[in-house]
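Be aware that the sequence shown starts at 436, since it is given in my numbering, and climbs by one per residue. The structure under discussion appears below in the form of structure tokens.
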Amino acid sequence: MEYFDLENLEKKAEKLIKEIDEIKLTKEFTNSPNRNLDELGVVYCLTGNDAALYSKLKQCYIKQQSSEQLEFKTVLAGYAAGKYSEALFLAKDLLVANQSIEIFQVIIKICVNHLLIPEWAVHYAKIGLESHPEHPWLCFSMGIAYSLLGDQEVYYKDKVTLWEKSRESLQLCKSNRRNYLYHLALIEAKLGNLDEALRNAAEGYRLCNDPYYSALLSLIMTAQEDFTGSLQVIKRGLQGCPSNILLRSAKVYTYLNLSKITQDKAPVKKSIISLLKSSLEFLDNASTIPADERIAGLTSIKEENSNPEHDSLQDVIKLAANNSHNPNFQQALRLAFEAAFAIQDEELIEFSLNSLQDKKAEQAIYEFHKTGDINGLDNFIENLKACELLAKGRYDSGDKARAMSAANQAISLDNNSAEAWIILGKIHKDYNQLSEAMNCFVAALKCANVRFSILPVYI
Numbered sequence: 436m437e438y439f440d441l442e443n444l445e446k447k448a449e450k451l452i453k454e455i456d457e458i459k460l461t462k463e464f465t466n467s468p469n470r471n472l473d474e475l476g477v478v479y480c481l482t483g484n485d486a487a488l489y490s491k492l493k494q495c496y497i498k499q500q501s502s503e504q505l506e507f508k509t510v511l512a513g514y515a516a517g518k519y520s521e522a523l524f525l526a527k528d529l530l531v532a533n534q535s536i537e538i539f540q541v542i543i544k545i546c547v548n549h550l551l552i553p554e555w556a557v558h559y560a561k562i563g564l565e566s567h568p569e570h571p572w573l574c575f576s577m578g579i580a581y582s583l584l585g586d587q588e589v590y591y592k593d594k595v596t597l598w599e600k601s602r603e604s605l606q607l608c609k610s611n612r613r614n615y616l617y618h619l620a621l622i623e624a625k626l627g628n629l630d631e632a633l634r635n636a637a638e639g640y641r642l643c644n645d646p647y648y649s650a651l652l653s654l655i656m657t658a659q660e661d662f663t664g665s666l667q668v669i670k671r672g673l674q675g676c677p678s679n680i681l682l683r684s685a686k687v688y689t690y691l692n693l694s695k696i697t698q699d700k701a702p703v704k705k706s707i708i709s710l711l712k713s714s715l716e717f718l719d720n721a722s723t724i725p726a727d728e729r730i731a732g733l734t735s736i737k738e739e740n741s742n743p744e745h746d747s748l749q750d751v752i753k754l755a756a757n758n759s760h761n762p763n764f765q766q767a768l769r770l771a772f773e774a775a776f777a778i779q780d781e782e783l784i785e786f787s788l789n790s791l792q793d794k795k796a797e798q799a800i801y802e803f804h805k806t807g808d809i810n811g812l813d814n815f816i817e818n819l820k821a822c823e824l825l826a827k828g829r830y831d832s833g834d835k836a837r838a839m840s841a842a843n844q845a846i847s848l849d850n851n852s853a854e855a856w857i858i859l860g861k862i863h864k865d866y867n868q869l870s871e872a873m874n875c876f877v878a879a880l881k882c883a884n885v886r887f888s889i890l891p892v893y894i
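Below, the structure is given as structure tokens:
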């Protein structure tokens with residue numbers, strides 16, 4: 436019961452450290468169950484002092500590097516303390532002597548969730564499957580790694596190849612993990628199989644009803660133009676998590692697509708402002724949330740004193756005054772700029788542009804918006820919106836050959852670029868190639884006008 440006396444925990448830690456320092460570290464000491472090290476781990480876990488625990492275990496490990504048990508404890512402490520590169524180095528070293536599933540789990544989670552090196556995750560998952568054939572977790576993690584690897588590719592054709600490998604791995608593992616259906620539905624959505632994606636997402640939503648499933652289900656419904664269903668899912672999710680960034684992003688896409696029918700831009704602007712404010716509010720709460728739940732800043736947060744439905748741009752400006760570097764805010768700004776540009780809201784366009792830190796492509800897009808000059812867009816052919824505008828600008832100026840080239844480039848980046856398909860259709864129609872034109876217009880109608888890439892890929 437002494438561990439519930441929080442006032443004495445620091446004194447307890449000091450006493451344990453002194454005892455550990457006085458003991459001569461031998462292989463027998465470090466490999467046997469040791470009360471001092473185990474108790475120190477409990478104390479530091481209760482006080483949340485992961486960094487101190489990692490520091491002490493690292494000191495012990497440096498003195499006696501032949502201890503597998505101590506090295507594994509050090510790996511876990513480094514992971515908990517956020518020392519991901521160091522933990523990965525130690526885990527890879529430990530893997531030479533110990534190929535247990537737990538070591539593979541640490542390595543792959545670090546590669547996917549924290550260091551974003553999915554090619555390493557795929558590599559170690561394959562090695563793991565040699566030692567643990569058909570292991571469900573390794574098959575699952577390989578599927579996630581391939582999904583992330585596909586997201587990182589530039590061209591759509593390469594993305595599809597890796598996404599198909601991801602789907603194959605996920606279908607093989609038949610996992611009962613909470614997020615299995617989420618990732619299976621997400622990969623089907625990325626591949627354009629919206630009906631199958633909807634089935635899996637709806638089943639996962641029924642079982643879990645967390646913000647990940649809610650946002651995914653909402654985006655799929657929006658892609659299928661079920662705006663009423665999408666808004667109902669978002670509304671239900673926001674009742675428990677009013678500042679959740681994922682749900683706020685999904686709401687922007689829903690209203691943005693709905694506005695193309697209703698011509699009502701006010702809900703779009705309102706949803707953009709709420710998204711930006713939520714992304715800034717996350718910064719003040721992140722320290723209380725476990726690392727694995729902070730991936731991409733998309734964890735559910737409930738702000739007791741916040742009412743996102745009555746946010747204003749001035750609220751965002753005040754919050755952003757000292758926090759504009761926040762990566763969650765920077766991520767939200769890109770979606771805000773895209774949506775504001777679509778509804779031609781000058782106030783939001785300029786605020787988003789001015790707040791972005793890396794904004795070369797957005798600056799060129801803004802110059803086109805203000806002056807109609809397409810010359811600056813040529814430098815950003817790996818940016819989808821820049822390619823779409825370049826195709827439109829060249830077509831409007833009568834340069835159909837180069838407009839077709841820009842449109843094809845946009846489609847190579849994302850096969851769901853309705854704007855590019857429409858430009859291609861117009862060009863074929865102008866050349867009296869009616870069959871090709873019809874195919875392009877049909878392709879434009881089939882495009883899912885949402886970006887499923889905003890949804891996190893994690894283990």
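Cβ coordinates follow ideal geometry from the N, Cα and C atoms, glycine included.
Within its own chain, the residues whose Cβ lies closer than 7 Å to the Cβ of residue 613, once the five positions on either side in sequence are excluded, are 643, listed in chain order. In the three-state reduction of the DSSP assignment, residue 684 falls in the helix class, which pools H, G and I. Secondary structure at residue 818: coil, using DSSP grouped into helix, strand and coil. 8 Å or more divides the Cβ of residue 810 from the Cβ of residue 853. Counting only residues of its own chain and dropping the five nearest sequence neighbours on each side, residue 567 has a CB closer than 7 Å to the CB of 536, 573.
Residue state for residue 628 is assigned as coil, using DSSP reduced to three classes.
About 13 Å separates the beta carbon of residue 838 from that of residue 846, a gap too long to meet the 8 Å contact definition. Between the alpha carbons of residue 816 and residue 857 lies a distance of about 18 Å. Shown here, residue 665 sits in a helix according to DSSP, grouped into three states. Per DSSP, the unbroken alpha helix (DSSP H) holding residue 769 starts and ends at 762-778. No Cβ-Cβ contact shorter than 8 Å links residue 848 with residue 875.
A check of alpha carbon separations from residue 622 across 787, 597, 704 identifies 597 as the nearest. Closest by C-alpha distance to residue 590, out of 844, 523, 761, 494, is 844.
Take residue 619, set aside five residues on each side of it, and the residues of its chain with a beta-carbon closer than 6 Å to its own are 605, 635, in chain order.
Rounded to the nearest angstrom, the Cβ distance from residue 506 to residue 519 is 16 Å, too far for a contact under 8 Å. Of 814, 554, 752, the smallest CA-CA separation from residue 578 is found for 554. Inside the segment 530-582, DSSP marks whole alpha helix (DSSP H) runs of 4 or more residues at positions 536-544, 553-566, from first to last along the chain.
Going by beta carbons, residue 697 and residue 669 fall outside the 8 Å limit. Going by beta carbons, residue 530 and residue 503 fall outside the 8 Å limit. When only Cα atoms are considered, residue 534 and residue 602 end up about 26 Å apart. DSSP, reduced to helix, strand and coil, places residue 694 within a helical segment of the structure shown.
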